Amino acid sequence: MTTLVDGGGPQSRKEAAAAEFRNFLAFARRRPGFIFGLCVVVVTVFLAICGPYIAPYHPERALPGAGLQPPSGQHWMGTDVSGMDVFSRVISAPRIDLAIALSATLIAFVGGVLLGVVSGFYAGARGIPRVASEAIMRGADILQAFPVFIFALALVGFRGPGTENVIVALAFLNIPYFLRVTRGAVFQVRERPFIEAARCAGNKEVRIAFVHVMPNALGPALANVSPGIGFAILLTAALSFVGAGVPKPTPEWGSMISIGAPNMMTGQWWTALFPGLALGITVLGYALVGDGIRDYMDPVNRR
Amino acid sequence: MEPLLAVDDVRVSFEKESGAVAVLNGVDLSVQPGESIGIVGESGAGKTVLVRTILNLLQEPWKVHQGQIRFDGEDLLAKQEEELRQIRGVKIALTSPEPRKQLNPLVRVGEQLAHGIRAHRKITRKEALELAVEALESVGIPDPHLRVRSYPHELSGGMCQRVVIAMALSHSPKLLLADEPTAGLDVTIARQILDLMAELVHEFGSSLMLVSRDMGVVAHYCQRVAVMYAGQIVEVGETEVFYGAAAHPYSRHLLRAARAARDDRRAAAATVEARAAAAHGCAYTPRCPVAITACEQSTPALEPVEDGHAARCFRRGEVARGEVQA
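Residue numbers (numbering that gives the first Met the number 0), protein chains in the order written: chain A, 0 to 302; chain B, 0 to 325.
What follows is the structure, encoded as structure tokens:
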């Protein structure tokens, strides 16, 4: 039996990886926005894991008689109307926000890519595959014909509020984006010579679609993951703001803003401002990371 | 002898919204078992389209209008996709130009070889990988047990072509269609690749259809030569006869150009014109130095000059004997 060991010189492969990493650092150094975005991602992920443990107060426990206190040394971001510490809640919120956004985006990514490969690979074919390809696209058209937020609201309204239903609604809404970018990439990849070579070698169409076309068509969808997460966080907050998302009192930026909104009028600006800032910075950060990754993958924009 | 492959009056066009462009205008060609035949002709003559038509790989907007392709007693153009899958790669294999583009950049070459092997044999992935190592060894790749784990970008162009050849020959096909196997390779590597291909084809007793623009390569590796021009075979004959007494003015022109080893500007300038004129009369008339009135009025058939040597030219006899300067 022949033993298989690493080919192409493990040394050279390791060196190539190191060179790629240096390239990446040099690229990031020229882009403060990208670095800012990366920091936001790192911080939110860290808070999603540790937020509730490092919070100075319990994020869901009201302190009796301590409602609507302004920011102070004791309560850095003040307390809200029921006496919960705003700072503790702001840093605990990424757990639920990120969990929802990540899982929804992941589902949308997988679903969108699979459907995109099918619809792109079989576009222009004959018979059932073509019908499937067209049906997928028309489905996406219908989904995208509705205003995003109204549609999410309707979905949650249909299934009732709750974390899983928010995930389902967001995943559903995001599928067409991943589907379309993947379909476009598939159109290019399926014309490349190695696809025909694979066909000539007697590979089955399904195998060609998923082994040869799909991995080479993942780039655009991958570049959309990060902004997709940002968008999902924003939508989660929006749904919670109108009471169709995460039930209170779970710490979540959108529901915190909605709790704090009435107090804004009466001068207690801190209850809504801080969660709002956190939300804005996070969405911006994820979008910037997405832009950076897209530029990094495009050789022309690397400089 | 019953030919292995018989292409009979195949007509293929490229359908555009503004109308169809005829690309193959009635190609007739046969390949005997075990023989090597060279297809030569300029860019746009239809060489690659012919190869793809044989494998029935053309999809929309390409359209096969008429003709028959018989391979081993079966009509390839009438086959369903699943039947074709049993022929492609097993009985007829193809190598296309630019080897690096023939390989999936994200899959290790050993895996790609194994895919091809497992597509037609019920064996495990591990066994297929071992066969892949052997296949790489047979095409002269050093350290094949290391190379199966390489990605295409880690191999040179010549190495990639060897991998592609290994893939094409992994089921000992009866016919190997080699479309410009040396395009993009430098001369010494090209020589090695062609020698290897010829040797393996001989070993398996396969037939070889070598598509090339290089008259020298074809002369060296093929027993017969077919010249394509504007979607037709304009001349076909034994290599020695052909190189000694080419009977079509275009063949003469090609040979002269090859000998002069330089680009003929006139040829390049006249290509489009020639295609436009292909509708009536001999397609080569606009460029032909010995054209007569009949050439513009009707298309000559592929008729014999002598045994086994035929040309599509009214003046084939005179040209072959060198009585007119074509």
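Cβ coordinates follow ideal geometry from the N, Cα and C atoms, glycine included. Bear in mind that the values here come from a model prediction, so they are computed numbers and not experimental data.
- With contacts defined as CB atoms closer than 7 Å, residue 42/A and residue 120/A fail to qualify as a contacting pair.
- A straight-line Cα-Cα distance of about 53 Å links residue 228/A and residue 195/B.
- Setting aside the 5 residues that flank it on each side, residue 255/B has no residue in the same chain whose C-beta is closer than 8 Å to its C-beta.
- Here residue 185/B is actually not in contact with residue 94/B; their C-beta atoms are around 18 Å apart, not less than 8 Å.
- For residue 196/A, the number of other beta carbons within 10 angstroms of its own is at least 16, and it is reported as buried.
- For residue 189/A, there are no neighbours in chain B by C-beta distance under 8 Å, as the nearest C-beta there is about 10 Å away.
- Nearest in C-alpha terms to residue 112/A, of all of 173/A, 99/A, 164/A, is 173/A.
- By the neighbour-count definition (other C-beta atoms within 10 Å, threshold 16), residue 291/B is an exposed residue.
- DSSP places residue 227/B in the strand class (E or B) of the three-state scheme.
- By alpha-carbon distance to residue 288/A, the top candidate from 279/A, 226/A, 231/A, 217/A is 226/A.
- Just so you know, the alpha carbons of residue 15/B and residue 176/B end up roughly 28 Å apart.
- Our two residues, residue 242/A and residue 70/A, have alpha carbons roughly 26 Å apart in a direct line.
- When secondary structure is reduced to three states using DSSP, residue 247/B falls in the coil class, being assigned neither helix nor strand.
- For the 7 Å CB-CB criterion, residue 282/A and residue 233/A form a contact.
- Only 191, 192, 193, 194, 195, 196, 197, 198, 199, 200, 201, 202, 203, 204, 206 from the segment 173-207 of chain A bring a Cβ to less than 9 Å from some Cβ of chain B.
- Annotation for residue 13/B: the continuous beta strand (DSSP E) segment containing it runs 4-15.
- Residue pairing of residue 175/B in beta bridges, as defined by DSSP: 92/B, 207/B.
- Nearest Cα to residue 57/A within the set 86/A, 158/A, 144/A, 262/A: 86/A.
- For the pair residue 204/A and residue 54/B, the Cα-to-Cα distance works out to about 16 Å.
- When the alpha-carbon of residue 288/B is set against those of 308/B, 305/B, 314/B, 298/B, the nearest one is in 314/B.
- From the beta-carbon of residue 215/A, the residues of chain B found nearer than 9 Å are 103, 104, 105.
- Each residue's CA atom was taken as its position, placing residue 142/B and residue 136/B some 8 Å apart.
- Around the CB of residue 18/A, fewer than 16 other CB atoms lie within 10 Å, so the residue is classed as exposed.
- For residue 70/B, no alpha helix (DSSP H) segment is defined; the enclosing uninterrupted segment is the beta strand (DSSP E) at 61-70.
- Residue 227/B holds the alpha-carbon nearest to the alpha-carbon of residue 36/B among 77/B, 227/B, 9/B.
- Residue range 127-144 is occupied by the alpha helix (DSSP H) that includes residue 128/A.
- A straight-line Cα-Cα distance of about 25 Å links residue 103/A and residue 32/A.
- Under the Cβ distance rule, residue 90/B does not count among the residues neighbouring chain A, no pair being separated by less than 7 Å.
- The Cβ-Cβ distance between residue 312/B and residue 303/B does not fall below 7 Å.
- Runs of the beta strand (DSSP E) lying entirely within the segment 252-278 of chain A and spanning at least 3 residues: none are present.
- Ranked by Cα distance from residue 283/B, the options 325/B, 31/B, 236/B are led by 325/B.
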